[in-house]
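One structure below.
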Amino acid sequence: MSSEQVERSEHFLRALQDRICKVVEQIDGQAQFVEDAWTRAAGGGGRTRVLRDGAVFEQAGVNFSLVHGDKLPHSATAHRPELVGGSFVATGVSLVLHPRNPYVPTTHANVRYFEASKPGVESVWWFGGGFDLTPFYPFDDDVRHWHTVAREICEPYGADVYPHYKKWCDDYFYLKHRNETRGVGGLFYDDLNEGGFERCFALTQAVGQGFLDAYQPIVERRKNLPYGEREREFQLYRRGRYVEFNLVYDRGTLFGLQSGGRTESILMSLPPRVRFEYAYQPEADSPEARLADYLKPRDWI
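What follows is the structure in structure tokens.
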């Protein structure tokens, strides 16, 4: 199963999980992560870390996993039919942070490495990753900062990388049945092996390490803003969109469940509290109605 590329990716990802957890605890100032180490019968395991009931984060989850198996799930072979029946190894870090204050956006980030092989077929490898932002009460300065950092991360790898990965993010995190994006986007890429391992690994490291540069300043600006029941109820309602996307469209969720992954770790991304309301419509010209203008792809910078 093991290869030098897997080992290098694993080493980076374990350290990334440690760093992000440490910074999130510092930002929160109250709660700490609890680690749940796990293994799976099909092969491999991981470290799920969850912070609950913090001063800033109602729930924060940061997962590391290294799993392998003898049969690729359908979600991994849908675009690569030649690999049906092949074996795989996958390692990654995935996180979702659900803040308590409705003025602080929810965020998701993921970086991962994948290898697949099958007798008689050339082995393949690729990286994937990105990060995206889901505000409930958006601030233009926050969105511009988020995308400026994303662009700066991509610049060393080509002028076309940020526009391409931004559009990919807009297209991927799109709820077709709602005709809206999940949030204000960011970066998303998958099946990346163009330019060789070293280039792709460096880009993925930059995305993983750059996430905090994009997110932490936003949290610091908004975490102490006063809010009331109205804002809290709207936050809980909009969290429902997160649930809808993750259970209907998300490739990572599908891969995890189809490959026999650990259900609790896979569904860690779901918010701790959420509400659904039939045919909800915000009041015209209200702060809640304003969000709709941000759920359409645009050039933020």
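Residue 787 is where the sequence shown starts when you use this note's numbering, and the numbers rise one by one after that.
For each residue, glycine too, the CB sits at the ideal point set by N, CA and C.
Check                                                                                                           : Outcome
Beta-carbon gap between V1005 and V890 smaller than 8 Å                                                         : yes
Proximal residues to R835 (C-beta, below 6 Å), its chain only, five neighbours per side dropped                 : C807, F819, E821 and V848
Bridge partner(s) assigned by DSSP for F913                                                                     : Y899 and L978
DSSP state of A941 mapped onto helix, strand, coil                                                              : Here residue 941 is Glu; the residue named in the question, Ala, does not match the sequence. E941: helix per DSSP, three-state reduction.
Simplified DSSP state of R964, which is helix, strand or coil                                                   : coil
Through-space distance from F917 to E1017, alpha-carbon basis                                                   : 25 Å
Which listed residue (L881, Y951, Q812 and D839) has its alpha carbon closest to that of R833                   : L881
Through-space distance from E1019 to G1042, alpha-carbon basis                                                  : 31 Å
Own chain residues within Cβ distance below 7 Å of A1075, not counting five before or after                     : P1068 and E1069
Contiguous beta strand (DSSP E) assignments of at least 3 residues, all confined to the stretch 962-1046        : 971-978
Contact check, T735 vs Y1001, beta carbons under 8 Å                                                            : One cannot answer for residue 735 here, as it falls past the ends of the chain, which runs 787 to 1087.
Other residues of its chain near M787: CB distance less than 6 Å, five sequence neighbours each side excluded   : Model confidence at M787 stands at a pLDDT of 44, short of 50, so the residue's coordinates are unreliable; what they give is reported in the following sentence. Result list for M787: H854 and V875, in chain order.
Cβ neighbours of I1087 in the same chain (closer than 8 Å, five flanking residues each side left out)           : R930, H933, T934 and R937
Cβ-Cβ distance between V970 and L919 below 8 Å                                                                  : yes
Same chain only: Cβ atoms within 8 Å of R794, ignoring 5 sequence neighbours per side                           : F987
Residue from G831, P1003 and E1063 whose Cα sits closest to the Cα of S1045                                     : G831
For V809, the first and last residue of its enclosing alpha helix (DSSP H)                                      : E790 to D814
Option in R1037, P885 and S873 with minimal Cα separation from E901                                             : S873
Distance, H950 Cα to E1063 Cα                                                                                   : 36 Å
Spatial neighbours of G840 in its chain, beta-carbon cut-off 6 Å, leaving aside the 5 residues before and after : D814, Q816 and A817
W954 (DSSP reduced to helix, strand or coil)                                                                    : helix
V929, DSSP secondary structure in three states                                                                  : helix
Rounded C-alpha distance that separates I1052 from S1072                                                        : 35 Å
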